[in-house]
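**Student:** Sharing a structure, written as structure tokens. Questions coming.
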Amino acid sequence: MCSRKQPYSHRSFVQRGETRCDANAIRKRTNLFIMSNPGQISPLRPVTRHITGHDAAGNAIVHSSSPGEWKSFEANDMAFDVVYTTSHFPADLNNDADLKAHEKLIESNQLGLVNPRGTVCRIVDFAPNNQCVVHRTQSLDYGIVLEGEIEMVVEKGEPVRMQRGDVAVQRATMHGWRNPSDTEWARMVFVLQDCQPLTVGGKVMKEELGIATGVLKPSGNDQ
């Protein structure tokens, strides 16, 4: 195991003073989870989730590492992997309360796109020329392109072409995501945060799932 006495180098996650053997041991442990994720339909690299925590002495540790678990929609041209959720803001990490709440929510199979009073981190894979599902959620979302290119579609104006590393800040608008490629899959990561009801021109901007109504569960945060 690594000694915790040496400081970290700004160039590497391998600690100063470690031997090559130590570095290889770390690499080997990480590679254990480079495997096909349950339910993954895209050819993109499998996802691994690493959750940190503390031991009884207050030292930082890796609490758990696990492969992503995917659920596909729309004739297998889109798939979700829910990385993590929180159900309160600010989140309560004491006695692993957040971990327990996340596990309970996932087991309930009642999670919509948004988690009321909380957050959702979700990775989405889009097939080439996927069907664009225009929808709205009562949430403030950050969407980051990880692989490929994505077009962000809104009600007025031309679609915005987003490339790897580009970020969308989605503020409770009607929108959709389309992969314009004929051959390549695309991947985005989204962080959705519940927000206060939004009123524009006297109209409350409630959740609308469009053609995904009945396929996706309602979030239930706009009641």
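Taking full-length UniProt numbering, the leading residue of the sequence shown gets 1, the next gets one more, and so forth.
Glycine included, every Cβ here is placed at the ideal spot set by N, Cα and C.
(1) Measuring only the C-alpha atoms, how far is residue 112 from residue 151?
(2) Report the residue from 129, 169, 71 whose alpha carbon sits nearest the alpha carbon of residue 185.
(3) Could you name the residues of the same chain whose beta carbon sits closer than 7 Å to that of residue 69, not counting the 5 residues immediately before and after it, in chain order?
(4) With DSSP collapsed to three states, give me the class of residue 206.
(5) Please name the residue in 147, 180, 171, 172 whose C-alpha comes closest to that of residue 160.
(6) Which residues bound the alpha helix (DSSP H) around residue 181?
(7) Return yes when the Cβ of residue 44 is within less than 7 Å of the Cβ of residue 135, no when it is not.
(8) Could you tell me which whole alpha helix (DSSP H) segments of length 4 or greater appear in the region 80–112?
(9) Within 10 Å of its beta-carbon, does residue 28 have 16 or more other beta-carbons around it, so buried, or fewer, so exposed?
(10) Quick one, which of 119, 93, 84 has its alpha-carbon nearest residue 107's?
(11) Nearest-angstrom Cα distance between residue 198 and residue 173?
(12) Let's see if you can read the secondary structure: which residues bound the beta strand (DSSP E) around residue 135?
(13) Pick out whichever of 183, 191, 154 has its Cα sitting closest to the Cα of residue 167.
(14) Does residue 89 pass the burial test, meaning 16 or more other C-beta atoms within 10 Å, or should it be called exposed?
(15) Between the Cα of residue 46 and the Cα atoms of 213, 124, 204, 202, which residue gives the shortest distance?
(16) From 145, 200, 132, pick the residue whose C-alpha is nearest to that of residue 122; which is it?
(17) Measuring straight from C-alpha to C-alpha, what distance separates residue 218 and residue 120?
(18) Along the chain, where does the beta strand (DSSP E) containing residue 120 start, and where does it finish?
**Tutor:** Taking the structure as given:
(1) Answer to the nearest angstrom: the Cα atoms are 23 Å apart.
(2) Of the candidates 129, 169, 71, 129 places its Cα closest to the Cα of residue 185.
(3) The residues are 37, 38, 39, 81.
(4) Three-state DSSP puts residue 206 in coil, outside helix and strand.
(5) Relative to the Cα of residue 160, the nearest Cα in the group 147, 180, 171, 172 belongs to 180.
(6) Neither: residue 181 is in no alpha helix (DSSP H) and is coded neither H nor E.
(7) Against a cut-off of 7 Å, the Cβ pair of residue 44 and residue 135 comes out as no contact.
(8) Entirely contained in the region 80–112, the alpha helix (DSSP H) runs reaching 4 residues are, in chain order, 97–108.
(9) Per-residue confidence for residue 28 stands at a pLDDT of 47, beneath the threshold of 50, marking its modelled position as unreliable; no derived number is given.
(10) Residue 107 has its Cα closest to that of 84, out of 119, 93, 84.
(11) Their Cα atoms are separated by approximately 10 Å.
(12) Taken as a continuous stretch (DSSP letters only), residue 135 belongs to no beta strand (DSSP E), as it is neither H nor E.
(13) Considering only alpha carbons, the answer is 191.
(14) It is exposed - the Cβ of residue 89 has fewer than 16 other Cβ atoms within 10 Å.
(15) Restricting attention to 213, 124, 204, 202, the CA atom closest to the CA of residue 46 is found in 124.
(16) Ranked by Cα distance from residue 122, the options 145, 200, 132 are led by 145.
(17) The straight-line gap separating the alpha-carbon atoms of residue 218 and residue 120 is approximately 14 Å.
(18) Here the beta strand (DSSP E) through residue 120 covers 119–126.
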